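To start, the structure itself, in structure tokens.
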Amino acid sequence: VSDYGWYAENVYSEAGVLRIGSSKNAGLLETPILDVEGKVTVDFNAWLYNSKDNGVKLTATMYDASYLEIASVDIVPTATNKAYKLSAAVEYGCWIKFSTEGSTGNKRVNIDDVVISVAGSTSSEKVAEVVTGGTSYKFEGLEPGCRYAYRVKSVDTVGESAFSDYQVVEMLPT
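In terms of this note's numbering, the sequence shown opens at residue 1 and continues consecutively.
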């Protein structure tokens, strides 16, 4: 994963370790949307930046590609470096957010050794790649009760764009 698409507020690097939050403000670190499917597991270590940060809460949340929360864990770290885990079954991509908030003015948590892994695969099939000369397309023959994920990109004589985020549509049962 590159640094493209990451988002951060009040995130610092010190001696190769990320510190989320500052002495006055909560922190936020978000990955880009990861084009994965299957069981996604996020392993990471977390501990307090210093004793002034007692009571700060670190939340690790996983969202699907349509921005729905699919897993979350709240942690109240101590001064001891400890391993944590977050996992969920993912279809059509996901992204992960680490955020801090606390009851004191200090909201600093160290995180390190973040590993995102994917195991297995959920059922998925590429149904179609559609090329159209316009800005719309009508899909036909969709099955009732099935989920479909769509993403689009623009292609012209100058080049092509990156794919959009997935939009997931679930067909109503008959």
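The beta-carbon is built from N, C-alpha and C at its ideal position, and this holds for glycine as well. Treat the numbers as computed from the prediction; the structure is a model and nothing was measured.
Other residues of its chain near Val118: CB distance less than 6 Å, five sequence neighbours each side excluded: What you label residue 118 is simply residue 118 of the sequence shown in a count that begins at 1. The residues are Val36, Gly38, Val40.
Contacting residues, own chain, Cβ-Cβ under 8 Å from Ile33 (five flanking each side not counted): On the sequence shown, position 33 is the one that residue 33 refers to. Closer than 8 Å at the Cβ level, and outside the excluded window around Ile33, lie Gly5, Ala65, Gly93, Cys94, Trp95, Asp165, Tyr166.
Whether Thr78 touches Leu48 by CB criterion (8 Å): The residue labelled residue 78 in the question sits at position 78 within the sequence shown. The residue labelled residue 48 in the question sits at position 48 within the sequence shown. Cβ atoms of Thr78 and Leu48: closer than 8 Å.
Residue interval of the beta strand (DSSP E) (run including Asn110): As a working mapping, residue 110 is identified with position 110 in the sequence shown. Element bounds for Asn110: 109-119.
Limits of the unbroken beta strand (DSSP E) element including Phe44: Locating residue 44 in the sequence shown gives position 44, where the first residue counts as 1. Per DSSP, Phe44 belongs to the beta strand (DSSP E) from 38-48.
Whole-angstrom distance between Asp156 and Arg19, CA atom to CA atom: By 1-based counting over the sequence shown, the position of residue 19 is 19. By 1-based counting over the sequence shown, the position of residue 156 is 156. Going by the C-alpha atoms only, they are around 43 Å apart.
Proximity test, Cβ basis, 8 Å: Asp113 and chain B: In the displayed structure, chain B is absent; only one protein chain is listed.
Check whether Val114 and Val42 have beta carbons under 8 Å apart: Counting from one through the sequence shown, the residue named residue 114 turns up at place 114. Counting from one through the sequence shown, the residue named residue 42 turns up at place 42. Yes, they are a contact pair.
Simplified DSSP assignment, three categories, for Asp64: Residue mapping note: residue 64 aligns to position 64 of the sequence shown, counting from 1. Note: Asp64 maps to strand in three-state DSSP.
Beta carbon of Val56 nearer than 8 Å to that of Arg108: The sequence position of residue 56 within the sequence shown is 56, counting from 1. The sequence position of residue 108 within the sequence shown is 108, counting from 1. Going by C-beta atoms, Val56 is nearer than 8 Å to Arg108.
Rounded C-alpha distance that separates Val17 from Gly159: Here residue 17 refers to the residue found at position 17 when the sequence shown is read from its first residue. Here residue 159 refers to the residue found at position 159 when the sequence shown is read from its first residue. Cα to Cα, Val17 sits roughly 39 Å from Gly159.
Exposure of Tyr63, with buried meaning 16 or more beta-carbon neighbours within 10 Å: Here residue 63 refers to the residue found at position 63 of the sequence shown. It is buried - the Cβ of Tyr63 has at least 16 other Cβ atoms within 10 Å.
Reduced DSSP secondary structure (H/G/I, E/B, other) of Asp165: Here residue 165 refers to the residue found at position 165 of the sequence shown. Note: Asp165 maps to coil in three-state DSSP.
DSSP-derived helix/strand/coil call for Lys57: For the purposes of this step, residue 57 is taken as residue 57 along the sequence shown, with counting starting at 1. It is a strand residue.
Rounded straight-line distance, which links the Cα of Asn45 to that of Lys85: One-based indexing of the sequence shown puts residue 85 at position 85. One-based indexing of the sequence shown puts residue 45 at position 45. Going from the Cα of Lys85 to the Cα of Asn45 covers about 9 Å.
Alpha-carbon to alpha-carbon, Gly120 and Thr132: On the sequence shown, residue 132 is found 132 positions in, with the first residue counted as 1. On the sequence shown, residue 120 is found 120 positions in, with the first residue counted as 1. Cα to Cα, the separation comes out at about 34 Å.
Integer-rounded CB distance, given that Met171 should sit under 8 Å from Ser143: Looking up residue 143 in the sequence shown gives position 143. Looking up residue 171 in the sequence shown gives position 171. Ser is not the amino acid found at residue 143; the sequence shown has Glu there. The pair is a contact, with the Cβ atoms about 7 Å apart (cut-off 8 Å).
Residue range of the unbroken beta strand (DSSP E) whose run includes Thr100: Within the sequence shown, numbered from 1, the residue matching residue 100 stands at position 100. Its beta strand (DSSP E) spans residues 94-101.
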